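I have placed the structure first, in the form of structure tokens, so that the comments after it can refer back to it.
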Amino acid sequence: MAGTISFGGIGSGMDVEGIVNGLVQASSGTLSGLKSRAAATQAAVSTLGEVSSLLSKLASATGALKDPRNVASYSATASSDALTVTANGAALPGSFDVVVEQLARAHRGYSDAFASKSDALGQEGSLTIQLGDESNEVEVEASDSLEDVARKINALGLKVSATTFYDGSQYRLQINGLDTGAANAVTITETGTTLGLDDPANVAQQARDARISIDGHVVTSATNTITGTMQGVTLVLKKESADPVTVEVSSDPNALKTKLQSVVDAYNAVVRKIHETAGFGTQKASNPVLAGDATLRTIGNTLTNGLLTAVSSSGRFQTAGSIGLSFNNDGTLKLDDTKLKQALETDPAGVTRVIAGDDDNPGVMDILQDLADGLVRRGDGIVNLRKSALEQRVKSLNDQVTREQERLDKYADALRKQFQSADAAISANQSLLTYLWSL
């Protein structure tokens with residue numbers, strides 16, 4: 078009825094607009110129902126979006142434990158700040174002494190001193206820069222300044238950087254290697270110029286490898302981060318130390334407990350959302366469109382079956398339940414800390430097999446991640462299929478709302494014309510009667 082201008086009861090005093098509104102209101106039950114269904118269906122679409130997001134979080138939490146190296150957790154400590162140490166799941170418990178004999182360094186050298194960084198040097202020739210097995214050449218012109226030479230060196234694409242250095246009274250060209258290690262030594266040969274870049278006295282720091290001693294065994298590295306020497310252990314060298322640094326690696330069961338609890342929390346968030354939405358168990362459905370929904374039931378059953386799957390064909394531990402993951406009566410998951418601790422003490426490798434699998438069998442986390450990813454996969458994931466179907470339903474309902482509103486508007490217009498005609502006729506009759514009575 079938007080845009081309609083009406084005048085009710087001009088002649089008879091009849092409330093035409095009130096009568097029309099009342100009759101239209103009495104006929105608007107269908108419109109109200111359509112609007113309610115459209116709103117509930119749109120809410121269902123949003124809810125499925127939330128379920129999809131929760132499933133993605135579950136996939137992420139389980140993915141963090143798919144790699145066996147992330148299952149077995151170890152902590153590592155160093156007795157000195159000469160180095161830091163970390164250990165992953167591939168490490169083995171133990172203690173060893175490390176002597177940091179020297180740190181890895183990158184090349185750093187200088188030119189001779191000049192009064193200005195921007196004035197022309199007045200020198201012509203070339204600089205041949207050798208970095209490891211790579212070399213390149215810079216042409217120096219008489220009009221070039223220190224800044225110009227620096228720009229030309231930086232444009233070579235070698236792993237060196239050039240800049241100007243000011244000591245408070247004079248300027249020098251500073252050449253820095255970008256990578257540490259003896260293999261990244263920088264050698265500069267001057268032809269025709271006398272900048273001093275090839276003077277050994279101007280080399281402040283030679284590129285060199287790091288060197289440490291582990292229980293008397295010498296280890297060298299091009300960088301100050303040393304991996305691969307000890308299984309699962311990474312050393313980051315900070316400073317040289319003549320005294321041995323004691324490094325200890327020990328099992329850290331709390332780390333695995335924390336990771337598994339993250340999976341439990343993510344799993345339970347999905348289950349609770351499904352129960353709340355569909356009304357499973359003792360809960361009442363929060364959305365009538367999804368009450369008892371088959372798709373939501375399938376999600377819950379799929380995840381439950383995945384957790385109940387036997388994942389190892391041998392060994393004492395073969396299921397999630399055997400290492401402390403079990404179900405509450407409402408279908409949520411729980412972690413038995415004591416059972417997990419006992420399993421780790423009895424057979425840590427078996428626990429890792431159950432969680433992350435091996436070459437022959439997938440682990441619980443592999444299975445859960447694949448299931449969660451499959452449920453929300455674009456195209457054929459059942460969550461997206463159900464969501465798409467509901468989105469189409471919302472569109473259909475909104476179209477019906479539009480058509481029903483148009484029908485009611487036309488109905489109101491027709492009623493208004495009828496009552497206005499009746500009002501005009503009554504008014505005419507009243508005028509006639511008044512005239513007759515006046516005779």
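FYI, the numbering for the sequence shown is 78 to 516, going by this note's numbering.
Virtual Cβ for every residue (Gly too), placed ideally from N, Cα, C.
Just so it is clear, the structure is predicted and the values come from calculations on it, not from any experiment.
Exposed or buried, what is residue i when buried is set at 16 or more other beta-carbons lying within 10 Å of its beta-carbon?
| i | result |
| --- | --- |
| Gln-446 | buried |
| Asn-279 | buried |
| Lys-361 | exposed |
| Leu-385 | exposed |
| Asn-405 | exposed |
| Ser-399 | buried |
| Lys-316 | exposed |
| Ala-466 | exposed |
| Lys-143 | buried |
| Arg-454 | exposed |
| His-184 | buried |
| Ala-138 | buried |
| Ile-87 | At Ile-87, the pLDDT of 46 sits below 50, so the modelled position is not reliable; the number obtained from the coordinates is stated separately. Flag for Ile-87 reads exposed. |
| Glu-94 | buried |
| Asn-331 | exposed |
| Arg-484 | exposed |
| Leu-410 | buried |
| Gly-99 | exposed |
| Ser-195 | exposed |
| Ala-491 | exposed |
Look up residue i in the DSSP assignment and say whether it is helix, strand or coil.
| i | result |
| --- | --- |
| Asp-457 | coil |
| Gly-258 | coil |
| Ile-87 | Low confidence applies here, because Ile-87 scores a pLDDT of 46, under 50, leaving its location unreliable; read the following figure in that light. In this structure, Ile-87 counts as coil in the three-state DSSP scheme. |
| Leu-250 | strand |
| Asn-213 | strand |
| Pro-170 | coil |
| Lys-336 | helix |
| Thr-154 | strand |
| His-294 | strand |
| Arg-285 | strand |
| Asp-320 | strand |
| Glu-267 | strand |
| Gly-99 | helix |
| Val-341 | helix |
| Lys-306 | Note that residue 306 is Thr in the sequence shown here, rather than Lys. If DSSP states are grouped into helix, strand and coil, Thr-306 belongs with coil. |
| Leu-204 | strand |
| Leu-467 | helix |
| Val-177 | strand |
| Val-148 | coil |
| Val-218 | The identity of residue 218 in the sequence shown is Glu, whereas the question assumes Val. Residue state, collapsed to three classes: coil. |
| Ser-473 | helix |
| Ala-239 | strand |
| Ser-328 | strand |
| Thr-311 | strand |
| Thr-518 | Past the boundaries of the shown model lies residue 518; the chain is included only from 78 to 516, so the question cannot be answered. |
| Thr-161 | strand |
| Gly-451 | helix |
If we cut at 9 Å on Cβ distances, does residue i have a partner in chain D?
| i | result |
| --- | --- |
| Gln-247 | The chain inventory of the structure shown lacks chain D, comprising one protein chain alone. |
Closest to residue i by C-alpha separation, out of the options, would be which residue?
| i | options | result |
| --- | --- | --- |
| Ser-363 | Glu-353, Phe-173, Gln-308 | Glu-353 |
| Gly-451 | Thr-375, Leu-467, Arg-470 | Thr-375 |
| Lys-229 | Asp-276, Leu-333, Asn-213 | Asn-213 |
| Ala-368 | Ala-281, Leu-208, Lys-350 | Lys-350 |
| Thr-300 | His-294, Arg-455, Gly-293, Thr-311 | Thr-311 |
| Met-442 | Val-428, Arg-454, Asp-244 | Val-428 |
| Ser-156 | Asp-244, Val-326, Ser-465 | Val-326 |
| Asp-292 | Ser-172, Val-348, Ser-188 | Ser-172 |
| Leu-233 | Tyr-243, Val-215, Thr-241 | Val-215 |
| Pro-145 | Asn-165, Ala-138, Ala-136 | Asn-165 |
| Thr-271 | Ser-203, Gln-469, Val-366 | Ser-203 |
| His-294 | Met-307, Phe-242, Pro-330, Ser-498 | Met-307 |
| Ser-188 | Asp-276, Asp-92, Ala-346 | Asp-276 |
| Gly-434 | Lys-472, Lys-334, Gly-392 | Gly-392 |
| Leu-198 | Gly-99, Asp-457, Ala-343, Ala-219 | Ala-219 |
| Thr-268 | Ile-206, Asp-244, Asn-345 | Ile-206 |
| Ala-426 | Ser-113, Asn-147, Glu-127, Gly-140 | Asn-147 |
| Ser-473 | Thr-118, Ser-193, Ala-136, Gln-102 | Thr-118 |
| Pro-365 | Gln-102, Asp-92, Ala-116 | Ala-116 |
| Asp-158 | Leu-337, Val-313, Gly-245, Gln-282 | Val-313 |
| Gly-408 | Gln-282, Val-347, Leu-235 | Val-347 |
| Asp-23 | Gly-126, Glu-211, Leu-402 | Outside the displayed span of the chain (78 to 516) sits residue 23, for which this structure offers no information. |
| Tyr-248 | Val-471, Ser-318, Ala-167, Ser-193 | Ser-193 |
So does the stretch 150-166 actually touch the stretch 128-140, counting three or more Cβ pairs closer than 8 Å?
no
Contact the stretch 317-329 vs the stretch 210-227: 3+ CB pairs below 8 Å:
no
Between the stretch 170-184 and the stretch 371-388, can you find at least three pairs of beta-carbon atoms closer than 8 Å?
no
Please give the ranges of any alpha helix (DSSP H) in the stretch 107-136, keeping only runs that are unbroken, at least 4 residues long and fully inside the region.
none
Which runs of the beta strand (DSSP E) at least 3 residues long sit entirely within the stretch 373-429? Give them in chain order.
402-404, 410-412
Are there three or more Cβ pairs, one per stretch, closer than 8 Å when the stretch 286-294 is compared with the stretch 262-269?
No, the stretch 286-294 is not in contact with the stretch 262-269.
Three-pair Cβ contact test at 8 Å for the stretch 460-479 versus the stretch 119-127:
Touching, yes.
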